[in-house]
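Residues 38 to 489, numbered by this note's numbering, are exactly what the sequence shown covers, in order.
A short write-up of the structure that comes next.
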Amino acid sequence: MEDNRQRRVLMVPAPFQGHLPSMMNLASCLSSQGFSITIVRTKFNFKDISANFPNFKFFTIDDGLSESDVKSLGLLEFVLELNSVCEPLLKEFLTNHYDVVDFIIYDEFVYFPRRVAEDLNLPKMVFSPSSAATSISRCVLIENQANGLLPPQEARAELEEMVPAFHPFRFKDLPFTAYGSMERLVILYENVSNRSPSSGIIHNSSNCLENSFILTAQEKWGIPVYPVGPLHMTNSATSCPSLFEEERNCLEWLEKQETNSVIYISMGSLAMTQDIEAVEMAMGFVQSNQPFLWVIRPGSITGQESLDFLPEQFMQTVTDGRGFVVKWAPQKEVLRHRAVGGFWNHCGWNSCLESISSGVPMICRPYSGDQRVNTRLMSHVWQTAFEIEGELERGAVEMAVRRLIVDQEGEEMRVRATILKEEVEASVTTEGSSHNSLNDLVQAIMMQIDQQ
């Protein structure tokens with residue numbers, strides 16, 4: 038174990054709420070196995086989390102980018118720019134601090150360490166906080182685009198045709214983006230999917246969830262795939278502070294609600310909601326007669342900076358105590374609360390894993406990228422969710438909430454969700470598949486370092 042501590046792993050997380058916590062949980066797992074951990078973060082979206090990880094070293098790359106750059110460039114173009122800016126900065130840092138690293142692990146969306154590691158002859162692995170199915174879907178999208186098989190953008194949302202050799206996904210389920218053009222998306226996905234120079238792929242997933250997709254990924258890239266998730270459930274996981282301020286008073290409100298009665302609504306850290314859609318959601322929640330906890334992130338409603346535009350009847354329902362609205366919630370605690378019977382969500386992978394590990398079924402409203410892939414997994418593979426499509430209308434919202442919380446169909450989903458929860462819990466325990474995969478990962482990193 039003491040010899041292990043001399044093996045130094047440098048880790049580069051992506052600076053987004055949906056990416057940072059899982060990378061930090063992986064870092065905690067490796068630290069518990071004796072590795073020395075150094076975290077390199079961008080100055081963009083920076084929040085000091087070092088107090089939660091006292092044994093780690095932290096360095097910051099001054100990328101010179103800000104939230105205003107995201108707004109002016111758009112998210113897709115911003116990610117490309119972030120990688121371009123940070124590559125020479127990381128190379129300069131490692132040239133001056135070569136004594137801090139024997140091995141590099143980087144998030145798939147901040148791929149700039151890949152070329153730096155090659156230039157410095159350092160072994161590396163890529164960490165994917167996404168599902169294995171999503172990794173494959175990006176390649177499927179690239180191949181179909183290159184072969185001219187994708188429909189025009191305006192027709193994609195309606196295309197029910199199945200993607201050949203990629204069951205059970207339809208063309209409309211592929212990870213298109215709401216944040217930029219197809220041409221730029223392909224460039225991003227080509228970089229994200231360039232994994233062959235790595236010595237392995239680490240997935241925040243589990244064989245019990247994605248065995249066939251994990252095998253496909255291993256065949257496709259020809260390198261080992263380590264499904265070590267859900268990482269937030271591992272014994273060594275350390276709570277990573279949210280990049281947003283959590284309002285914990287919602288937990289007190291949940292204590293006053295009946296078991297499985299509450300619909301929890303959160304559209305994640307990036308998705309946007311049209312103001313007209315938000316009004317229909319608000320009235321649908323009112324008409325459902327079910328208690329609701331709604332996370333409305335500041336700036337997440339298009340064209341609105343406050344909640345004053347929401348109907349008076351909705352605001353009165355909140356005042357009367359049947360509804361509760363927060364800017365951000367301690368999501369894992371909320372989902373584990375006995376009162377929560379369902380989760381209305383954009384279907385980001387972290388939220389899917391947290392829903393699964395809590396045994397809570399979902400209403401899926403995907404917005405962009407991998408969320409469509411995850412929605413199909415939840416609704417058609419594991420059958421612990423259903424999707425609400427098309428324009429939102431308050432009657433459809435009301436029916437969806439009652440379908441999940443009140444109707445027999447929702448109860449059957451809760452049963453399946455509980456079974457899936459037990460399977461993922463078993464996967465992270467001693468001798469479980471994810472636990473064993475983590476052990477294999479530790480041995481592989483040690484071997485790579487010792488061969489240098």
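Glycine included, C-beta positions come from ideal geometry on N, C-alpha and C.
Keep in mind it's a predicted model, so treat the numbers as computed, not measured.
Put simply, the backbone Cα of residue 97 is about 5 Å away from that of residue 78. Per the Cβ contact rule, the segment 365 to 383 is not in contact with the segment 163 to 177 (fewer than 3 Cβ pairs under 8 Å). Residues 364 of the same chain have their beta carbon placed closer than 7 Å to that of residue 335, with the five preceding and five following residues left out of the count. Taking every protein chain shown into account, the CB of residue 84 has fewer than 16 other CB atoms within 10 angstroms, so this residue is exposed.
Of the residues assessed, residue 452 falls on the exposed side of the cut-off, its CB having fewer than 16 other CB atoms within 10 angstroms. Annotation for residue 128: 153, 156, 157 place their beta carbon closer than 8 Å to its own, counting only its chain and skipping 5 residues before and after. Residue 110 has no beta-bridge partner at all, per DSSP.
Around the beta carbon of residue 487, fewer than 16 other beta carbons sit within 10 angstroms, so the residue counts as exposed. Fewer than three beta-carbon pairs drawn from the segment 251 to 263 and the segment 46 to 66 are found closer than 8 Å, and the two stretches are therefore not classed as touching. Short of 7 Å from the beta carbon of residue 177, and not among the five residues preceding or following it, lie these beta carbons of its own chain, in chain order: 200, 203, 211. The beta-carbon separation of residue 320 and residue 351, rounded to 6 Å, stays under the 8 Å limit for a contact. A direct Cα-to-Cα measurement between residue 87 and residue 221 gives close to 35 Å. For residue 470, the CB contacts under 8 Å within the same chain, skipping 5 residues up- and downstream, are 243, 244, 245, 264, 464 in chain order. Residue 330: member of the beta strand (DSSP E) spanning 329 to 332, first to last residue. With fewer than 16 other CB atoms across the displayed protein chains lying within 10 angstroms of its CB, residue 136 is exposed.
Counting C-beta atoms within 10 angstroms of its own C-beta, residue 175 has 16 or more neighbours from the protein chains shown and is therefore classed as buried. In the DSSP assignment, residue 424 forms a beta bridge with 401. In the structure shown, the three-state DSSP call for residue 285 is coil. Inter-segment contact for the segment 226 to 233 and the segment 432 to 451 is absent: fewer than three beta-carbon pairs are separated by less than 8 Å. DSSP places residue 94 within a strand segment (E or B) once states are collapsed to three. The segment 472 to 486 makes contact with the segment 64 to 83, as at least three CB pairs between them are under 8 Å. Annotated three-state conformation of residue 472 is helix, per DSSP.
Under the three-state reduction of DSSP, residue 419 is assigned to coil, being neither helix nor strand. Per DSSP, residue 310 is not a residue of any alpha helix (DSSP H), being assigned neither H nor E. For residue 75, the uninterrupted beta strand (DSSP E) run begins and ends at 73 to 79, by DSSP. By the 16-neighbour rule on beta-carbons within 10 angstroms, residue 392 is buried.
With contacts defined by Cβ atoms closer than 7 Å, residue 60 and residue 139 do not form a contacting pair.
For residue 144, the enclosing beta strand (DSSP E) covers residues 140 to 144. In the structure shown, the three-state DSSP call for residue 160 is coil. Excluding residues up to 5 positions away in sequence, nothing lies with its Cβ nearer than 6 Å to the Cβ of residue 358 in the same chain. Going by beta carbons, residue 325 and residue 438 fall inside the 7 Å limit.
DSSP places residue 263 in the uninterrupted beta strand (DSSP E) bounded by 262 to 264. DSSP, read as helix, strand or coil, puts residue 347 in coil. Ranked by Cα distance from residue 43, the first of 72, 62, 58, 55 is 72. Nearest C-alpha to residue 458 among 421, 474, 433: 421.
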